[in-house]
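Student: Take this structure first; my questions come after.
Chains as they are written, first to last, in the working numbering: chain A, 589 to 735; chain B, 599 to 724.
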């Protein structure tokens, strides 16, 4: 597993609906997980800005992956938006140098695949909180910690 | 292709089952809603690998080209001409567009026998 090489991966993974309410948010076991909720919440403004800026710069690839949203002292926040305006936000520690842009991309790719599979489940009502265990397993795989 | 036939048969059975069991006037909304849910999911799946859409025109192009060929393998010339068979595809279009952020009303009509016309009315929220 790649997780063994990387000592730590994401510390927080969140899925936000098109109306900007959380569908799923998972953090590493910590005392103040509200801090991450706050970080994710703040990042939504940056996501919005990035989406609205489409077309203003000429050589714009219009990728689903939005890249680094903003860095803080301790964390880096990455964003991704699907064509259906579902936002994925991943928070990693700034000290984590093993995670490069490519790894983050793969992470989002996996997350998107898991999300699509979950939505195509006829027993899921779109817009509900995500309770799928398969989806949870994928997310937990991203937050694996083995030092 | 075999999967094309499967969808065709399933669709035919769903329609005839509904018309046998439910009230006549309830059938169309039921079928439409089934299509909506399917279109919603399919939009999620089919747009997974495409780049972000720029505007409405981009989305409509996607629906006409990629989406429709993925579902019906070609342009929609193999639909049955009876109106009851068109409720599901109408919902399909409505569901896909709703998930991509365009709310609309979709109606279908048949003027010349093998062809079918879908009319999409986009509702402006602002």
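Here a beta-carbon is modelled for each residue, glycine too, at the ideal position from N, C-alpha and C.
Would you say residue 603 (chain A) lies against chain B (beta-carbon separation less than 7 Å)?
Tutor: Taking Cβ atoms only, chain B never reaches closer than 7 Å to residue 603 (chain A), which makes this a no.
Student: Count the CB pairs spanning the region 600-609 of chain A and the region 675-693 of chain A that are closer than 8 Å, and state whether there are at least three.
Tutor: These segments touch.
Student: Give a yes or no on contact between the region 694-701 of chain A and the region 664-672 of chain A, applying the rule of three or more CB pairs nearer than 8 Å.
Tutor: Flag = yes, the region 694-701 of chain A and the region 664-672 of chain A touch.
Student: If I'm right that residue 714 (chain A) touches residue 722 (chain A) with Cβ under 8 Å, what's the distance once you round it to whole angstroms?
Tutor: Going by Cβ atoms, the distance from residue 714 (chain A) to residue 722 (chain A) rounds to 17 Å, so no, they are not a contact pair.
Student: Please compile the residues from chain A whose C-beta is within a distance smaller than 9 Å of the C-beta of residue 643 (chain B).
Tutor: Chain A residues near residue 643 (chain B): 704, 705, 707 and 708.
Student: Applying a beta-carbon distance threshold of less than 9 Å, which residues of chain B neighbour residue 610 (chain A)?
Tutor: Those do not exist, as residue 610 (chain A) stays about 18 Å from chain B at its closest Cβ, beyond 9 Å.
Student: Please check if any C-beta of chain B sits within less than 7 Å of the C-beta of residue 646 (chain A).
Tutor: Low confidence applies here, because residue 646 (chain A) scores a pLDDT of 49, under 50, leaving its location unreliable and the question unanswered by this model.
Student: If I follow the unbroken alpha helix (DSSP H) through residue 699 (chain A), where does it start and stop?
Tutor: Element bounds for residue 699 (chain A): 689-707.
Student: Verify whether the separation of the beta carbon atoms of residue 630 (chain B) and residue 685 (chain B) is less than 7 Å.
Tutor: Yes.
Student: Going by alpha carbons, who is nearest to residue 725 (chain A) out of A:605, A:609, A:607 and A:614?
Tutor: Ranking the options by Cα distance to residue 725 (chain A), first place goes to A:614.
Student: Excluding the five sequence neighbours on either side, which residues of its own chain have a C-beta within less than 6 Å of the C-beta of residue 638 (chain A), listed in chain order?
Tutor: So the list reads 654, once near-sequence residues are dropped.
Student: Given a limit of 7 Å on CB to CB distance, which residues of the region 607-618 of chain B reach chain A?
Tutor: Of all residues in the region 607-618 of chain B, none has a Cβ within less than 7 Å of some Cβ in chain A.
Student: Nearest by alpha-carbon distance to residue 685 (chain A): which of A:664, A:695 and A:696 is it?
Tutor: Among A:664, A:695 and A:696, the Cα nearest to that of residue 685 (chain A) is on A:664.
Student: Would the beta-carbon of residue 649 (chain B) fall within 7 Å of that of residue 650 (chain A)?
Tutor: Closer than 7 Å, so yes.
Student: With 7 Å as the limit, tell me which residues of the region 631-660 of chain B have their beta carbon closer than that to any beta carbon of chain A; keep them in chain order.
Tutor: Within the region 631-660 of chain B, the qualifying residues are 638, 639, 641, 642, 643, 645, 646, 648, 649, 650, 651 and 652.
Student: Relative to the C-alpha of residue 665 (chain B), which candidate in B:693, B:652 and B:683 has its C-alpha closest?
Tutor: Of the candidates B:693, B:652 and B:683, the one whose C-alpha sits nearest the C-alpha of residue 665 (chain B) is B:693.
Student: Report the three-state DSSP secondary structure of residue 714 (chain A) (helix, strand or coil).
Tutor: Three-state DSSP puts residue 714 (chain A) in coil, outside helix and strand.
Student: How big is the Cα-Cα spacing for residue 610 (chain B) and residue 638 (chain B)?
Tutor: Their backbone Cα atoms lie some 21 Å apart in a straight line.
Student: What's the call for residue 605 (chain B), buried or exposed, on a 16-neighbour Cβ count within 10 Å?
Tutor: Per the 10 Å Cβ criterion, exposed.
Student: Find the residues of chain A that neighbour residue 699 (chain B), judging by a C-beta separation of less than 8 Å, and give them in chain order.
Tutor: Ordered by position in chain A, the residues that pass the 8 Å Cβ test against residue 699 (chain B) are 606, 672 and 673.
Student: Is the shortest distance between the beta-carbon of residue 723 (chain A) and the beta-carbons of chain B less than 7 Å?
Tutor: With 7 Å as the cut-off, residue 723 (chain A) does not count as an interface residue toward chain B.
Student: Strictly below 8 Å CB to CB, what residues from chain D border residue 632 (chain A)?
Tutor: The question asks about chain D, but that chain is absent: this structure's protein chains are A and B.
Student: When you compare each of A:731, A:730, A:727 and A:718 to residue 605 (chain A) by their alpha carbons, which one comes out closest?
Tutor: The shortest Cα separation from residue 605 (chain A) among A:731, A:730, A:727 and A:718 belongs to A:718.
Student: Assuming residue 607 (chain A) is part of the alpha helix (DSSP H), what are its boundary residues?
Tutor: Here residue 607 (chain A) belongs to no alpha helix (DSSP H), and DSSP marks it neither H nor E.
Student: Considering residue 706 (chain B), what are the terminal residues of the beta strand (DSSP E) in which it resides?
Tutor: Element bounds for residue 706 (chain B): 702-707.
Student: Extract the residue ranges of the alpha helix (DSSP H) inside the region 620-688 of chain A, only unbroken runs of 4 or more that lie entirely within it.
Tutor: Taking only runs of at least 4 residues, the alpha helix (DSSP H) segments lying wholly in the region 620-688 of chain A are 622-640.
Student: For residue 720 (chain B), report the span of its beta strand (DSSP E) as first-last.
Tutor: Note, residue 720 (chain B): beta strand (DSSP E), 715-720.
Student: With 16 other CB atoms within 10 Å as the buried threshold, where does residue 642 (chain B) fall?
Tutor: Classification for residue 642 (chain B): buried.
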